[in-house]
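Note that the numbering used here has the sequence shown beginning at 15, numbered continuously upward. Backbone N, C-alpha and C define an ideal beta-carbon position, used for all residues, glycine too. If you're wondering where the values come from, they're calculated on a predicted model, not measured in any experiment. The structure under discussion appears below in the form of structure tokens.
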Amino acid sequence: MCDNVRGRIIGNIDTQRINPFRRKLMLSAGARDELNERKSWKNLFYLLGFALILTESPMYRLLPIALLFSGPVSSSASAQDARPTDTSLQACREIDSSAERLECYDVALDALYGVDQSLVTKRDAYKRKRFGLPIDGQGTEMVELDATIARVDEDLRTRTTVIELENGQLWRLTSTGGLRASFKPGLTVTISESGTGGFRIRIPGKTGFKGVTRIR
15 MCDNVRGRII GNIDTQRINP FRRKLMLSAG ARDELNERKS WKNLFYLLGF
65 ALILTESPMY RLLPIALLFS GPVSSSASAQ DARPTDTSLQ ACREIDSSAE
115 RLECYDVALD ALYGVDQSLV TKRDAYKRKR FGLPIDGQGT EMVELDATIA
165 RVDEDLRTRT TVIELENGQL WRLTSTGGLR ASFKPGLTVT ISESGTGGFR
215 IRIPGKTGFK GVTRIR
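Written out as structure tokens, the structure reads:
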């Protein structure tokens, strides 16, 4: 009997010496569930107490009002911003001319996303390159070009004059016109569309013009 009592005392002492982590592992599944449930309720009470503290703040009371007005206003602003863009794009679709329709789309998209200066520079360079040629699939068209003469070739046998510009374009004179000045390298000229659908070349500061057609 003394041995049994002594064994129980030693067992109790060993149990008390077990560290908390091992004691937690020794708990039954039901005890662990009960402990976790108590912690969950404790955390919930903490959250409710924090919410009650917030409700005493004047700024907290104004928060629902701010949210009420901010939602519809932002939605209305977004709708108003979208309507003009949608309308302008729809208007572009109704244009028959490919060149005018493309230009309309460019204007609408620039207004929506901003102007990309690099694209504008590329478009202008392409228009200058295509000037005097039939309108291509992209609707590229230009009504006037300022350039400098690089070389002038005159064929006395055929009585034709070909002007080469510094940009590489070749133009052939098609009529004498009323221009009384001669063409020479280094001279700046202006080539523009004529009223009959062709092109004419002029020298700034001089009266009159001559008809030209692009050959390259």
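- Nearest to Leu193 by C-alpha distance, out of Thr221, Asp130, Leu123, Gln131, is Thr221.
- By a beta-carbon distance limit of 8 angstroms, Thr162 does not contact Gly219. Their separation comes to about 15 angstroms.
- A residue is called buried once 16 or more other Cβ atoms fall within 10 Å of its Cβ, and Ala122 is buried on that count.
- In this structure, the CA atom of Cys106 is about 8 angstroms from the CA atom of Glu114.
- Cβ neighbours of Lys198 within its own chain (closer than 8 angstroms, five residues either side excluded): Ile163, Val166.
- Note: Lys220 is not bridge-paired with any residue in the DSSP secondary-structure output.
- Counting only the Cα atoms, Ile217 lies some 17 angstroms from Leu184.
- Ile205 has its alpha-carbon roughly 6 angstroms from the corresponding atom of Glu158.
- The continuous stretches of alpha helix (DSSP H) do not include Asp110, and DSSP gives it neither H nor E.
- Per DSSP, Ser206 is one residue of the beta strand (DSSP E) stretching across 202 to 207.
- In this structure, Arg186 lies near Ile177, with their beta-carbon atoms less than 9 angstroms apart.
- The shortest CA-to-CA distance from Ser208 to any of Ala195, Ser196, Lys224 is the one to Lys224.
- One thing to note: Val226 has its Cβ no nearer than 9 angstroms to the Cβ of Thr202.
- Bounds of the beta strand (DSSP E) holding Ile163 are 158 to 169.
- By the Cβ neighbour-count rule, Arg214 is buried, with 16 or more other Cβ atoms within 10 Å of its own.
- Per DSSP, Glu178 is one residue of the beta strand (DSSP E) stretching across 174 to 179.
- In the DSSP annotation of this structure, Leu193 is not part of any beta strand (DSSP E), being labelled neither H nor E.
- Secondary structure of Val226 (DSSP, three-state): strand.
- Beta-bridge annotation (DSSP): Leu184 is paired with Glu178.
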